[in-house]
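Numbering (our numbering), first residue to last: 96 to 574. Ideal Cβ positions, reconstructed from N, Cα and C, are used throughout, including at glycine. Note that this is a predicted model, so its numbers are computed, not measured.
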């Protein structure tokens with residue numbers, strides 16, 4: 096291993112011509128004050144459990160952490176786009192950075208190449224700045240070149256009322272509804288078709304070649320969505336294997352998943368993404384890649400991104416490099432379409448995708464889930480909005496009239512709309528009364544204009560902040 100101070104950071108690289116390597120540890124001998132409060136990030140989406148807490152050696156903090164000494168908030172992390180999966184741990188006498196360089200679950204075989212692992216950076220807090228301002232500034236330092244769209248991203252997604260039971264006719268009705276409640280003269284809202292449009296992977300052909308019987312013509316549907324006044328968006332699961340996919344293309348431990356280290360697989364994915372764009376879709380939401388590659392959700396990872404004992408076909412690449420290559424493949428094939436990453440690795444998405452889902456699914460049926468995944472993830476990942484990407488906090492959903500108490504869902508809608516982040520709604524047509532529809536119109540009008548990022552004011556005290564600074568004013572919620 097070699098380290099070099101350069102460009103304001105500590106560059107870490109690794110060479111191992113003969114021996115496979117699994118992990119690298121860097122250690123800083125320093126006393127950690129037990130009175131400090133620390134905030135870490137999450138591997139991919141967050142799962143409603145982000146919080147400021149006292150130092151704990153059992154705690155794994157992926158990518159970066161913030162440290163409050165009671166006067167200032169300091170930042171320690173790695174630059175976005177590293178070639179290793181990096182996480183921090185603290186103990187009484189020091190701080191360690193663990194870099195997972197495995198290829199899947201086995202040691203990477205670097206051969207003759209020297210691998211740039213990561214660049215470690217830090218930021219000293221300043222008196223007078225809030226913890227949130229310090230967090231924003233540090234995120235900006237870690238990602239100097241985010242890829243951001245020119246206009247706000249907002250609109251409708253059918254998942255939280257249809258849950259896959261969608262049709263082309265229903266999508267067009269949703270598009271008409273969305274256009275009717277969106278402001279005229281501003282950026283057009285998106286109508287995102289979620290899971291349910293594609294073919295059956297067990298039937299043989301790749302399910303992304305054409306729509307199923309409920310979706311007879313995807314190019315026509317995209318054109319009709321535009322005629323209705325919206326921009327068409329679509330959901331896609333690139334690594335799901337279909338019956339026609341050859342056996343050697345699949346991961347050995349998970350035959351239902353394709354191995355993206357194979358050139359033929361990447362070529363197929365690129366072709367599918369280009370087809371979605373050629374059909375006319377202006378937004379592509381790709382999903383499930385982290386789970387498909389690792390067999391784990393983010394909350395199951397801890398300090399083990401995936402289990403030991405398996406590898407990708409190309410043993411010379413770290414898992415982080417595999418993921419980055421896949422993301423770049425999707426990004427390049429998407430052309431001028433906006434890309435949303437869902438179930439994507441945050442620190443590897445930054446600078447590649449315009450939009451990234453920052454939390455696990457909210458709900459159109461369960462308020463407790465929306466409160467947990469929506470409010471917590473929006474609050475604690477808000478510093479990434481505009482610094483890493485547009486941070487998508489997920490939808491305000493309503494599967495049926497009364498499925499979620501309106502006094503609760505209205506608050507979530509209000510927070511999401513005024514957060515400065517992408518706003519997507521997902522409601523069953525006819526489930527809202529005229530007053531509730533008016534609330535949607537007001538929310539869409541706000542989301543269609545650039546807004547300052549929402550700042551949680553009591554986030555050091557609770558997992559679900561109630562007091563916020565929104566659009567320059569203080570607001571309070573009863574979750």
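TODO: Compute the beta-carbon to beta-carbon distance between residue 213 and residue 155, rounded to the nearest angstrom, for a pair I have assumed lies under 8 Å.
DONE: Residue 213 to residue 155, Cβ: 16 Å. No contact.
TODO: Pair every Cβ in the segment 198-217 with every Cβ in the segment 133-149, then say whether three or more of these pairs are closer than 8 Å.
DONE: Short answer: they don't touch.
- [ ] Kindly list the residues whose CB is nearer than 8 Å to the CB of residue 356, restricted to its own chain and excluding five residues on each side of it in sequence; keep chain order.
- [x] Within the same chain, residue 356 has close Cβ partners 407, 408, 409, 412, 417, 420.
TODO: Kindly list the residues whose CB is nearer than 8 Å to the CB of residue 224, restricted to its own chain and excluding five residues on each side of it in sequence; keep chain order.
DONE: Correct list, in chain order: 167, 168, 232.
- [ ] Would you mind sorting residue 113 into buried or exposed? The rule is 16 or more other CB atoms within 10 Å of its CB.
- [x] Exposed is the call here.
Task: Backbone secondary structure at residue 363 - three-state DSSP - done: In the three-state reduction of the DSSP assignment, residue 363 falls in the helix class.
- [ ] Quick one: measure Cβ to Cβ for residue 485 and residue 326, integer angstroms, because I've assumed they're closer than 8 Å.
- [x] Between residue 326 and residue 485 the Cβ distance is about 15 Å, and since that is not below 8 Å, they are no contact.
- [ ] Please say whether residue 358 and residue 336 have beta carbons closer to each other than 8 Å?
- [x] Going by C-beta atoms, residue 336 is not nearer than 8 Å to residue 358.
Open item on the list: On the criterion of 16 or more Cβ atoms from any shown chain inside 10 Å, does residue 122 qualify as buried, or is it exposed?
Closed with: Only exposed fits residue 122, as fewer than 16 other CB atoms lie within 10 angstroms of its CB.
Task: Contact under 8 Å by Cβ, residue 491 with residue 511 - done: Yes.
TODO: Just grab the DSSP bridge partners of residue 568 for me.
DONE: Paired residues: 565.
TODO: Would you mind reading off the limits of the alpha helix (DSSP H) that contains residue 398?
DONE: Neither: residue 398 is in no alpha helix (DSSP H) and is coded neither H nor E.
Task: Closest residue to residue 203 among 384, 178, 100 (Cα-Cα distance) - done: When each option's Cα is compared against that of residue 203, the closest is 178.
Task: Selected residue, minimal CA-CA separation from residue 293, among 446, 323, 259 - done: The residue from 446, 323, 259 with its alpha-carbon nearest to that of residue 293 is 259.
- [ ] Please look up how many angstroms separate the CB atoms of residue 171 and residue 158, rounded, as I've assumed it's under 8 Å.
- [x] About 10 Å; that fails the 8 Å criterion.
Task: Endpoints, the alpha helix (DSSP H) within which residue 422 is located - done: 414-428 is the span of the alpha helix (DSSP H), which, as asked, contains residue 422.
- [ ] Could you tell me the boundaries of the alpha helix (DSSP H) in which residue 307 lies?
- [x] Counted as a single uninterrupted DSSP element, the stretch harbouring residue 307 is not any alpha helix (DSSP H), since DSSP gives it neither H nor E.
Task: Straight-line gap, residue 192 to residue 185 (C-alpha atoms, nearest Å) - done: Rounded to whole angstroms, residue 192 to residue 185 spans 9 Å at the Cα level.
Open item on the list: Given this structure, state the Cα-to-Cα distance separating residue 316 from residue 262, to the nearest angstrom.
Closed with: In a straight line, the C-alpha of residue 316 is about 10 Å away from that of residue 262.
Task: CB contact flag (residue 211, residue 106, <8 Å) - done: For residue 211 and residue 106, yes; Cβs fall inside 8 Å.
Task: Backbone CA spacing between residue 388 and residue 256 [nearest angstrom] - done: Put simply, the backbone Cα of residue 388 is about 28 Å away from that of residue 256.
Task: Of the residues 498, 489, 513, the one placed nearest residue 570, counting alpha carbons only - done: When C-alpha distances from residue 570 are compared across 498, 489, 513, the shortest belongs to 513.
Task: the segment 373-385 touching the segment 305-324, judged by at least three CB pairs closer than 8 Å - done: The segment 373-385, when compared against the segment 305-324, does touch it at the 8 Å Cβ threshold.
Task: Residue environment, residue 342, which counts as buried when at least 16 other CB atoms sit within 10 Å - done: Exposed, since its Cβ has fewer than 16 Cβ neighbours within 10 Å.
Task: the segment 245-254 contacting the segment 512-527, beta-carbon criterion three pairs below 8 Å - done: Contact between the segment 245-254 and the segment 512-527 is present, because at least three Cβ pairs lie under 8 Å.
Open item on the list: Using the Cβ count rule (16 or more neighbours within 10 Å means buried), how would you classify residue 363?
Closed with: Here residue 363 is buried. Its C-beta has 16 or more other C-beta atoms within 10 Å.
Task: Helix, strand or coil at residue 315 [DSSP, three-state] - done: Residue state, collapsed to three classes: helix.
TODO: Kindly confirm or deny that the segment 446-461 and the segment 135-143 touch, where touching means at least three C-beta pairs closer than 8 Å.
DONE: As far as the Cβ criterion goes, the segment 446-461 touches the segment 135-143, which means the pair count is three or higher.
Open item on the list: Do residue 380 and residue 328 have their beta-carbon atoms positioned less than 8 Å apart in this structure?
Closed with: Yes.
Open item on the list: Measuring straight from C-alpha to C-alpha, what distance separates residue 117 and residue 196?
Closed with: Spanning the two alpha carbons is a distance of roughly 5 Å.
Task: Inter-residue CB distance, residue 468 and residue 489 (contact presumed, cutoff 8 Å) - done: With a Cβ gap of about 7 Å, residue 468 and residue 489 count as contacting.
TODO: Could you tell me which residues DSSP puts in a beta bridge with residue 378?
DONE: Beta-bridge pairing links residue 378 to 328, 433.
TODO: Starting from residue 480, trace the alpha helix (DSSP H) both ways and give me its first and last residue.
DONE: Neither: residue 480 is in no alpha helix (DSSP H) and is coded neither H nor E.
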